[in-house]
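To convert, count from 1 in the sequence shown and add 141; that's the working numbering. Idealized CB from N, CA, C, for every residue including glycine. Computed from a predicted model, the values in this text were never measured in an experiment. Everything on this sheet refers to the single structure shown next.
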Amino acid sequence: MADQKAPQMQATLGLTGLTSNAMALIAPGAFLWLTFFIQATTGTPTTAPDMWWGILFALLLCLATAVSYAEISKLYPGTGSSYYYAEQALLSKDKAFKYARVAKFIVGWGSHLYYWVYPGVMVATTGIFVGYVVGFLNPGFLSGSNPGPVFMALVAIVFSFFVAWIAQKGAGASTAVNLAINIVQISALLVFSVLALGYRVSHPTGSTGFQYDAQSLSTYTYQFATNPKDGSTIRDASGTPQPLLDAAGKPVPYVITYPEKDASGNFLTHTKASSVVTPHKFSWIFIQATVAILILVGFESVTSMGGEAKNPTKHIPIAVIASLLIQGLVCYLIEYFAANYFLNSGYTMQSAAGSAAPIGDMMIMVGDALLGQGHGKYFMLAEALTVFLALIGTTLSCMNTGARVTYAMGKDDEAPEHFGILHAESLTPRRAIWTLAVISAVLGTLAVMLVFADGSAPTDATIAALPHGIFSSFGYTTHDQMAALPNSLLTITLTSNFGTFILYALSCFLCMVAFHKRADFSFVRHMLIPLFGLVANLVCMAFYLIGPFMGYGTSKEPLLALAIAGVWGLYGAYYFLRSSRAKGKAVLLEAK
């Protein structure tokens with residue numbers, strides 16, 4: 142066991158600090174930018190028409206889980222979150238107490254599939270984000286729409302260790318950073334949402350507007366001239382698309398329309414506002430929800446900080462619910478409605494699927510409309526700065542949470558003992574933090590290697606136009622070859638999300654167990670709501686199998702994610718039994 146005289150965590154976090162840490166992990170300003178691309182490419186054919194509904198279903202799932210976390214945290218405030226709750230809930234029962242050790246290990250091990258993989262997703266998306274911005278600023282070095290995998294991987298590695306360096310300084314420093322980031326990113330988010338809605342409203346069908354070009358990352362007010370042989374855009378030596386000329390030799394103005402689908406049946410735009418918030422196919426909703434859960438997780442992060450909370454029984458339940466309601470219910474539903482409703486013939490869902498940063502593209506367009514053509518890039522770069530700050534906050538928060546769950550298992554002698562030791566000065570689990578930094582760097586590198594595979598595979602013409610060099614074009618082969626491979630970012634994302642569903646389902650179940658036969662039992666709060674959360678999580682997990690076999694959406698990535706989760710579970714069972722024998726610990730408790 143870890144030395145009980147070792148440094149202990151100090152109670153320094155109030156309600157504001159706890160809520161800020163959870164809100165930083167949810168980070169709507171960052172996730173709108175980062176995950177719109179993933180959601181736009183999910184499924185063949187795409188399930189993107191139900192993007193907004195996928196978020197709503199995932200939000201309802203998370204709200205049910207949040208209530209479960211809030212209720213159970215009142216009974217068992219402490220460091221370790223659901224890992225700690227599992228043990229205490231079963232120890233409180235006269236017959237089921239013997240399963241307490243098994244239950245807490247299953248919860249702890251399963252949660253690591255989320256807590257150890259999620260930061261890898263974050264550093265990978267940071268690599269994509271930085272690639273987009275660098276490509277925009279220096280298109281001769283890197284393509285903004287399709288950055289080079291090597292460049293993105295290097296950014297992911299550096300960013301992983303940079304965030305770990307902040308995390309190891311302690312929760313106080315982390316909280317101050319998160320609070321500032323929350324204020325900035327939410328303000329920036331609202332500005333973009335208003336401008337996106339304004340652009341759609343002010344550009345009815347038949348009006349002139351902008352057409353976006355992914356290669357030059359710029360907007361144009363004229364129709365592009367195309368090659369009659371292959372339909373490709375005709376460009377000058379600098380890559381600027383040439384205008385289609387009318388009989389008088391003048392450029393033909395670009396006219397905005399809102400087509401629902403193209404000739405191949407690919408989804409393009411929502412023809413009216415109600416289309417955004419109307420379910421198209423229920424199977425698409427569930428598939429979108431398996432991705433959308435990524436943008437909502439984090440509300441439970443404060444439950445792992447019970448050891449650092451000044452008043453955990455009062456403040457943690459409030460922080461759990463408040464963080465999800467503020468950013469999930471208000472911010473996400475507004476911003477995703479605005480981004481989806483903005484789509485038009487000048488920038489369609491197919492355009493979004495082919496870009497590393499669709500929201501960045503949209504910001505350039507609405508910025509040009511607000512500030513004048515050619516000036517939208519300044520608006521995009523200003524918003525990009527807030528996204529980068531939010532990325533620091535969300536990666537920092539998930540590293541803090543993951544490291545503290547690992548610390549709880551190490552301190553409890555269910556993981557290698559060195560993970561359960563705090564640093565004498567910063568009082569942080571530094572070994573767990575730096576271990577997580579290495580894991581994040583590796584997963585982030587893997588995630589960006591085939592980020593433009595499967596449904597997001599670029600055309601051969603796009604690949605040919607990439608700047609040549611190890612940082613810009615290495616890893617791009619042909620459209621057909623890349624389309625046949627699984628999307629690495631989506632695979633890693635779905636793996637993390639499967640761990641999330643496991644953790645959330647078990648947490649809802651633990652809430653029901655903890656309050657069973659207690660005098661303060663409430664049927665609504667301790668049975669009905671947790672049961673809905675349990676079933677909703679299980680349904681999403683089931684769609685990892687149902688989707689591929691029923692032909693709903695993409696197939697390779699969910700099955701790969703399921704295989705990774707299976708291997709993790711089997712190794713966990715092996716580790717638990719081997720560790721129990723080596724340490725002489727009984728699998729089933731004989732006494733409380």
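For L635 and A702, the rounded distance between their alpha carbons: 6 Å
Pull up the CB-CB distance for Y353 and G487, whole angstroms please, since I reckon it's below 8 Å. 6 Å
Cα-Cα, which of V275, V676, L232, G495 is closest to A738? Because the chain spans 142 through 733 in this model, residue 738 falls outside it and cannot be assessed.
Three-state secondary structure (DSSP) at L409? coil
Short check: CB of R242 to CB of V728, under 8 Å? yes
Beta strand (DSSP E) segment containing D354, residue limits: 352 to 354
Whole angstroms are fine: how far does the CA of L700 sit from the CA of F684? 10 Å
Pairwise C-alpha distance: F246 and Y716: 10 Å
Status (buried if at least 16 other CB within 10 Å, exposed otherwise) for W174: buried
Span of the alpha helix (DSSP H), counted from its first residue to its last, around T634: 629 to 656
Counted within 10 angstroms of its Cβ, other Cβ atoms place I213 as buried (16 or more) or exposed: buried
According to DSSP, simplified to helix, strand and coil, what is P345? coil
Are there 16 or more other CB atoms within 10 angstroms of the CB of S348, so buried, or fewer, so exposed? exposed
Give me the Cβ distance between F302 and A582, rounded to the nearest whole Å; I'm assuming they're in contact under 8 Å. 7 Å
Within 10 angstroms of its Cβ, does F690 collect 16 or more other Cβ (buried), or is it exposed? exposed
Which one or two residues does DSSP pair with K552 in a beta bridge? Answer is none; K552 lacks a bridge partner.
By Cβ distance below 6 Å, which residues in the same chain neighbour Q145 in space, the five residues on each side in sequence not counted? Interpretation of Q145 is limited by its pLDDT of 47, a score under 50 that renders its predicted location unreliable; the figure taken from the coordinates is listed afterwards. If we look at Q145 and ignore the five residues flanking it on each side, it has no Cβ neighbours.
How would you call H344, buried or exposed, if buried means at least 16 neighbouring beta carbons within 10 angstroms? buried
Please report the distance separating the alpha-carbon of A143 from that of P557. Caution applies to A143, whose pLDDT of 43 falls short of 50 and renders its modelled position unreliable; the model cannot decide the point.
Excluding sequence positions up to five away, which residues of its chain have a Cβ less than 8 Å from the Cβ of F615? G289, P290, V291
Strictly by DSSP, which residues pair up with V396? T349
In three-state terms, what does DSSP make of Q145? Bear in mind that a pLDDT of 47 at Q145, under 50, signals an unreliable position, so the number given afterwards is only what the model happens to contain. Correct three-state label for Q145: coil.
From the DSSP output, in three-state form, read off N541 for me. helix
Below 8 Å between beta carbons: does that hold for G517 and M506? yes
Can you list, in chain order, the residues of its chain with a C-beta nearer than 8 Å to that of V275? Leave out the 5 residues immediately preceding and following it. F282, L283, G285, P288, F292
What's the gap between the Cα of Y712 and the Cα of L437? 28 Å
Is the separation between the beta-carbon of S209 and that of P671 shorter than 8 Å? yes
Going by the CB atoms, is the gap between I705 and L474 shorter than 8 Å? no
Count the other CB atoms within 10 Å of the CB of V708; is the residue buried (16 or more) or exposed (fewer)? exposed
Go ahead and label A677 buried or exposed: buried means 16 or more other beta carbons lie within 10 angstroms of its beta carbon, across all protein chains shown. buried
For T619, the three-state DSSP class (helix, strand or coil): coil
Let me make sure I understand the geometry here. Which of M653, S663, V461 has the alpha-carbon closest to that of T160? V461
Taking the continuous beta strand (DSSP E) assigned at Y259, which residues delimit it? First-last for Y259: 259 to 278, but that is the alpha helix (DSSP H), not the beta strand (DSSP E).
Tell me the DSSP secondary structure of R376 in three-state form. strand
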